[in-house]
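To start, the structure itself, in structure tokens.
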Amino acid sequence: MDLSLTRRQQELINKVQEFMEKEISPSLLVPRATEGFDWDLVRKLARHNLVCPIVPKEYGGLGLDRFTTALIMEVIAAGHPGLAAVVAATLHAAEPIILAGSREQKERFLPSLTGRKAGLASFALTEPGGGSDLTKMETCAIKKDSAFFINGCKDYIINAPVASFISLIAATDHSRNKSSIRVFIIPGDLPGLKIGKRHTTSGLNYAAISEVIFDNTRLDESHVIREDEAGSGYLLLNQTFDRGRAMVAAISVGIARRAMEAAVEFAEEREQFGTRIKHHQAVAFALADMATDIEMARLLYWKAGWLIDQGGDYSTASAMAKLASSHIAQRVTCQAADIIGARAYEKGSLLEQLVRDARVLSTIEGTSNINRLLIASQL
Ligand SMILES: Cc1cc2nc3c(=O)[nH]c(=O)nc-3n(C[C@H](O)[C@H](O)[C@H](O)COP(=O)(O)OP(=O)(O)OC[C@H]3O[C@@H](n4cnc5c(N)ncnc54)[C@H](O)[C@@H]3O)c2cc1C
Numbered sequence: 010m011d012l013s014l015t016r017r018q019q020e021l022i023n024k025v026q027e028f029m030e031k032e033i034s035p036s037l038l039v040p041r042a043t044e045g046f047d048w049d050l051v052r053k054l055a056r057h058n059l060v061c062p063i064v065p066k067e068y069g070g071l072g073l074d075r076f077t078t079a080l081i082m083e084v085i086a087a088g089h090p091g092l093a094a095v096v097a098a099t100l101h102a103a104e105p106i107i108l109a110g111s112r113e114q115k116e117r118f119l120p121s122l123t124g125r126k127a128g129l130a131s132f133a134l135t136e137p138g139g140g141s142d143l144t145k146m147e148t149c150a151i152k153k154d155s156a157f158f159i160n161g162c163k164d165y166i167i168n169a170p171v172a173s174f175i176s177l178i179a180a181t182d183h184s185r186n187k188s189s190i191r192v193f194i195i196p197g198d199l200p201g202l203k204i205g206k207r208h209t210t211s212g213l214n215y216a217a218i219s220e221v222i223f224d225n226t227r228l229d230e231s232h233v234i235r236e237d238e239a240g241s242g243y244l245l246l247n248q249t250f251d252r253g254r255a256m257v258a259a260i261s262v263g264i265a266r267r268a269m270e271a272a273v274e275f276a277e278e279r280e281q282f283g284t285r286i287k288h289h290q291a292v293a294f295a296l297a298d299m300a301t302d303i304e305m306a307r308l309l310y311w312k313a314g315w316l317i318d319q320g321g322d323y324s325t326a327s328a329m330a331k332l333a334s335s336h337i338a339q340r341v342t343c344q345a346a347d348i349i350g351a352r353a354y355e356k357g358s359l360l361e362q363l364v365r366d367a368r369v370l371s372t373i374e375g376t377s378n379i380n381r382l383l384i385a386s387q388l
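Going left to right, the sequence shown walks through residues 10 to 388 as this note's numbering numbers them.
Put into structure tokens, the structure is as follows:
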């Protein structure tokens with residue numbers, strides 16, 4: 010077993026780390042700078058072609074494997090969690106096209122996520138009536154002649170108001186049967202596509218998150234992925250989630266790492282009872298636990314990312330990585346806030362933001378219970 014990174018991976022990490030520290034991270038601490046989406050940060054990422062690095066080179070992307078992408082997601086999340094969420098949603102939207110899209114679909118949609126003018130994309134599954142329970146899904150795309158007519162509402166969709174395209178999960182009939190699920194590619198400028206209520210979230214609030222409403226919206230038949238294969242949409246949905254969970258796990262590690270680093274820095278400077286607080290054993294032990302938890306979470310997402318690239322069965326590994334690391338991020342951010350004390354409770358301070366960002370990690374990309382169900386089903 011070789012756990013060392015390749016020279017190219019290490020160079021990429023160093024480059025992204027340096028870029029984040031210089032150009033992105035400082036914006037996290039500017040008062041109210043992260044309250045809402047703007048293109049500025051995405052444009053900076055785009056200069057390095059990092060908006061959707063998994064897009065194959067032939068379509069203008071970096072063609073990174075999922076393990077290397079996860080390494081980079083950790084770095085982006087440590088620098089700016091909201092930006093990492095925006096990138097993760099774009100990866101999630103691109104994944105079904107990369108995995109199963111036709112040549113024409115790849116040529117039409119993937120280049121829009123690459124290069125200096127790269128746009129963003131959304132993945133739309135959740136509905137007001139249910140996020141976890143697919144049998145509650147109401148959005149239907151019914152075929153008539155050479156077009157689909159879509160009705161339904163998706164909710165809490167990251168990037169929806171600004172997306173170049175949306176990868177939409179919908180059923181092709183009203184049966185609520187898994188075999189009728191398909192992935193549809195919705196151009197952001199599709200006539201009749203409506204962006205509904207925009208959400209103001211507690212964390213990750215750089216991201217633009219909203220409802221997406223379809224009211225008999227017409228979509229040309231060329232925009233569905235693998236229409237003819239019953240069950241293919243459900244399989245694709247699961248593959249996409251299994252890959253996305255490794256990315257959310259990496260984001261969790263990035264957030265936890267940033268919190269721990271802030272706590273270490275503070276503990277090395279702050280003096281109480283005549284000594285730096287890092288020399289109080291209780292504080293040092295808390296830091297040791299945090300570092301160990303983070304390393305555990307990192308190894309889990311490394312394994313998941315590695316398995317994805319090997320083409321093996323990565324479903325359980327990804328679910329475990331996401332389940333564990335999201336809780337570790339919540340625990341570590343709170344522990345770090347405890348060490349920093351009152352200053353970490355200041356609105357807009359780093360730790361106050363990281364605690365809020367970490368909170369939602371156990372909800373998105375399958376809640377912790379849904380991941381537990383997945384893991385348990387394989388035991
Ligand atoms: C900031 C943010 C960004 C998001 N981005 C996106 C996005 O881009 N695209 C998208 O499609 N969705 C997105 N979501 C939605 C997210 O994926 C859902 O919130 C999530 O899937 C949970 O769905 P729900 O909130 O409807 O909760 P529910 O599914 O209603 O679940 C509520 C609670 O019940 C538990 N539960 C449900 N079923 C079971 C069961 N069988 N056994 C045990 N416990 C169960 C759940 O674990 C949870 O604790 C986002 C949400 C947020 C907050």
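We put the beta carbon where it would ideally sit given N, CA and C, even for glycine.
Any beta-carbon of chain D closer than 8 Å to the one on residue i?
{"i": "L119", "result": "Here chain D cannot be found, since the structure has a single protein chain."}
Have a look at residue i and residue j and give me their C-alpha separation to the nearest angstrom.
{"i": "S241", "j": "A180", "result": "12 Å"}
{"i": "E361", "j": "A353", "result": "6 Å"}
{"i": "H208", "j": "M10", "result": "45 Å"}
{"i": "G253", "j": "A97", "result": "7 Å"}
{"i": "L92", "j": "A127", "result": "14 Å"}
{"i": "Q248", "j": "I33", "result": "31 Å"}
{"i": "F294", "j": "H232", "result": "55 Å"}
{"i": "I137", "j": "L383", "result": "Rather than Ile, the amino acid found at residue 137 in this sequence is Pro. In a straight line, the C-alpha of P137 is about 23 Å away from that of L383."}
{"i": "L122", "j": "H101", "result": "12 Å"}
{"i": "L228", "j": "Q19", "result": "43 Å"}
{"i": "S327", "j": "N186", "result": "26 Å"}
{"i": "I194", "j": "I175", "result": "6 Å"}
{"i": "T78", "j": "L21", "result": "10 Å"}
{"i": "Q319", "j": "D237", "result": "28 Å"}
{"i": "V341", "j": "G140", "result": "27 Å"}
{"i": "S261", "j": "L370", "result": "7 Å"}
{"i": "E113", "j": "T210", "result": "37 Å"}
{"i": "I303", "j": "L143", "result": "32 Å"}
{"i": "H288", "j": "A87", "result": "26 Å"}
{"i": "L308", "j": "S36", "result": "30 Å"}
{"i": "K145", "j": "T301", "result": "40 Å"}
{"i": "E278", "j": "T376", "result": "38 Å"}
{"i": "Y2", "j": "T284", "result": "Coverage of the chain is limited to positions 10 through 388, which leaves residue 2 absent and any answer about it impossible."}
{"i": "G390", "j": "E116", "result": "It is not possible to answer for residue 390, since the shown part of the chain is limited to 10 through 388."}
{"i": "D47", "j": "Q290", "result": "44 Å"}
{"i": "C343", "j": "N378", "result": "21 Å"}
{"i": "G321", "j": "I107", "result": "18 Å"}
Between residue i and the rest of its own chain, which residues show a CB-CB distance below 8 Å, the 5 nearest in sequence each way excluded?
{"i": "V25", "result": "H57, L59, I81, V84 and I85"}
{"i": "I204", "result": "A169, P170, S219, E220, V221 and I222"}
{"i": "Y323", "result": "D251, R252, A255, A313, L316 and I317"}
{"i": "T325", "result": "L383, I384 and Q387"}
{"i": "L296", "result": "M269, A272, V273, A276, K287 and I348"}
Looking at the secondary structure, which residues open and close the alpha helix (DSSP H) in which residue i lies?
{"i": "T135", "result": "Here T135 belongs to no alpha helix (DSSP H), and DSSP marks it neither H nor E."}
{"i": "C162", "result": "That residue, C162, is in no alpha helix (DSSP H); its beta strand (DSSP E) goes A156 to I167."}
{"i": "I317", "result": "Q290 to Q319"}
{"i": "I81", "result": "R75 to G88"}
{"i": "I194", "result": "Not the alpha helix (DSSP H): I194 falls in the beta strand (DSSP E), residues I190 to P196."}
{"i": "N378", "result": "S377 to S386"}
{"i": "N23", "result": "R16 to F28"}
{"i": "F282", "result": "Where F282 is concerned, there is no enclosing alpha helix (DSSP H), given that its DSSP letter is neither H nor E."}
Report, in whole angstroms, the separation of the C-beta atoms of residue i and residue j, which I expect to be a contact under 8 Å.
{"i": "A272", "j": "A345", "result": "4 Å"}
{"i": "N160", "j": "D224", "result": "7 Å"}
{"i": "L71", "j": "P62", "result": "4 Å"}
{"i": "I348", "j": "F282", "result": "Not confirmed; about 15 Å, so no contact."}
{"i": "I299", "j": "M269", "result": "The sequence shown places Met at residue 299, not Ile. Between M269 and M299 the Cβ distance is about 5 Å, and since that is below 8 Å, they are a contact."}
{"i": "P105", "j": "L245", "result": "5 Å"}
{"i": "A351", "j": "A265", "result": "The Cβ separation is near 22 Å, so there is no contact."}
{"i": "A55", "j": "I167", "result": "Not a contact, Cβ separation roughly 17 Å."}
{"i": "G124", "j": "G45", "result": "Actually they are not in contact, since the Cβ atoms of G124 and G45 sit about 25 Å apart, beyond 8 Å."}
Note down, in chain order, each residue of its chain lying with its Cβ closer than 7 Å to the Cβ of residue i, except the 5 sequence neighbours on either side.
{"i": "H183", "result": "C149"}
{"i": "D164", "result": "T135, E136, P137 and E220"}
{"i": "F28", "result": "H57"}
{"i": "V402", "result": "Residue 402 lies beyond the residue range present for the chain, which begins at 10 and ends at 388; the question has no answer from this structure."}
{"i": "A103", "result": "C61, I63, V64, L119, L122 and A130"}
{"i": "E2", "result": "The structure shown does not extend to residue 2, since the chain is modelled only from 10 through 388, so no value can be given for it."}
{"i": "E147", "result": "E136, G138 and G161"}
Leaving out five residues before and five after residue i in sequence, what residues of the same chain have Cβ atoms less than 6 Å from its Cβ?
{"i": "A258", "result": "Y310, A330, K331 and S334"}
{"i": "R368", "result": "G212"}
{"i": "G201", "result": "T226"}
{"i": "K206", "result": "E220"}
{"i": "D366", "result": "P90, G212, L213 and I264"}
{"i": "L177", "result": "A133, F193 and I195"}
{"i": "I151", "result": "F158"}
Kindly indicate the opening and closing residues of the beta strand (DSSP E) around residue i.
{"i": "A179", "result": "A172 to A180"}
{"i": "C149", "result": "C149 to K153"}
{"i": "K203", "result": "L202 to R207"}
{"i": "N225", "result": "I218 to D229"}
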